[in-house]
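>
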Amino acid sequence: MATTREKVLAEFLKQPNRAIIGSELATRLQISRESIWKAIQVLRKAGFEIQGQPSKGYTYLGTSKLATPVIQNNCQKFVGQVMVFNELSSTQDQAKAAISHRQVALPAVWLAERQTAGYGRRGRQFYSPAGTGLYFSVAFQLISPLKNPGLLTTGVAEAVWQVLHRFYPQADLQLKWVNDVYCNGKKVVGILTEAVTDLETQSAQTVVIGCGMNLSTTNFPAELTQKAGRLGEMIDRNRLVAALLDAIQTRVTDFPSGEFLTNYRKHSFVLGRQVELRGAHETILGTATQINDDGALVVSTPKGSRTFVSGEVTKVNVK
5 MATTREKVLA EFLKQPNRAI IGSELATRLQ ISRESIWKAI QVLRKAGFEI QGQPSKGYTY
65 LGTSKLATPV IQNNCQKFVG QVMVFNELSS TQDQAKAAIS HRQVALPAVW LAERQTAGYG
125 RRGRQFYSPA GTGLYFSVAF QLISPLKNPG LLTTGVAEAV WQVLHRFYPQ ADLQLKWVND
185 VYCNGKKVVG ILTEAVTDLE TQSAQTVVIG CGMNLSTTNF PAELTQKAGR LGEMIDRNRL
245 VAALLDAIQT RVTDFPSGEF LTNYRKHSFV LGRQVELRGA HETILGTATQ INDDGALVVS
305 TPKGSRTFVS GEVTKVNVK
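Using the numbering used here, the first residue of the sequence shown is number 5, and each one after it goes up by one.
Shown next, in the form of structure tokens:
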């Protein structure tokens, strides 16, 4: 059952930026005006900006904090469980642990204001300070076992690109194969897509998609200052994550078509450039010439053309 605070917030979310008189709220919720006042004080302490004016009432102006009900209110397609934490070691680990112990119905998303051990590909640490970024992992149950992980990975990256382009229209956003987003030559988004294998069926029908985003982060550790960048000024993170969840939800359904690849190629950070690609057992130097219809990267090397369905581009010659 919803608390008084949750009920009051729900009323505000229905009519943001509109003044609502306390007595009107009390009548709607069938509680006392004193209870309304107490709930508003609790909401304010929790980071919700609520302006009060005599005779005009209360106006909800938003929040800089990630908030489950606000995210859910902004989602148009994503209808899964939304869980927000002040701090986690890793949203990806939290999601996979919950799935393995069958603790949650899917889809579901785990968000953290701060991560102490966030990571990306090959377990590489992702710097995750509080208040300047967006860190989440979202899990879905696929309709059928995953057969082309390359298309899913590139597809999710392109879906994220689309949303970020809408929220940061002035930013020069590019996609680095497989699933990083760059801005002005520096990494601003890392995406990690992992399949969870069912032990009974030995099929991969659950995917966990982790996203780490530097929105307005500037104070990076010394070792990251030349590599990591930011998207721009801080924006409404609740609206942003809702849009991302909607887009990823859609892409998890339509990725097999590969229709997104045209835009992915158009904004590629690697095509036509010399790259260093690290595979499972070797490192390859060559020129990235194509991203094929399976989302694989084709690299021209002195020994001939090679196609990679997995791996990591560790260096890109931008000259």
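Glycine included, each C-beta is placed from N, C-alpha and C at the ideal position.
In this text, all values refer to a predicted model and were calculated from it rather than measured experimentally.
1. Taking all protein chains shown into account, do 16 or more other C-beta atoms lie within 10 angstroms of the C-beta of Asn188, making it buried, or fewer, making it exposed?
2. Determine the closest residue to Val192 out of Asn152, Asn218, Arg255 and Gly315, with distance taken between C-alpha atoms.
3. For Lys100 versus Val212, is the C-beta distance shorter than 8 Å?
4. Count the C-beta pairs between the segment 155-173 and the segment 276-285 that are closer than 8 Å, then say yes if the count reaches three, no if not.
5. Under a three-way DSSP split, which group does Ala3 fall into?
6. What first and last residue would you give for the beta strand (DSSP E) that runs through Arg310?
7. Along the alpha helix (DSSP H) that carries Ala14, what are the first and last residues, could you check?
8. Taking buried to mean at least 16 other C-beta atoms within 10 Å of its own C-beta, is Leu177 buried or exposed?
9. So what's Ile213 in DSSP terms, helix, strand or just coil?
10. Taking the alpha-carbon positions, what's the Phe82 to Phe273 distance?
11. Going by C-alpha distance, which of Glu198, Asn223, Pro225 and Ser220 is nearest Gly214?
12. With distances taken Cα to Cα, identify the nearest neighbour of Lys42 among Ala251, Ser94 and Lys11.
13. Using DSSP's beta-bridge definition, name the partner residues of Phe140.
The relevant details are as follows:
1. Around the beta carbon of Asn188, a 10 Å sphere encloses fewer than 16 other beta carbons of the protein chains shown; the residue is thus reported as exposed.
2. Asn218
3. yes
4. no
5. No answer is possible for residue 3: the residues shown for the chain start at 5 and end at 323.
6. Looking at the DSSP string, the run of the beta strand (DSSP E) that includes Arg310 is Gly308 to Phe312.
7. Thr8 to Lys18
8. buried
9. strand
10. 30 Å
11. Glu198
12. Lys11
13. Leu115 and Cys215
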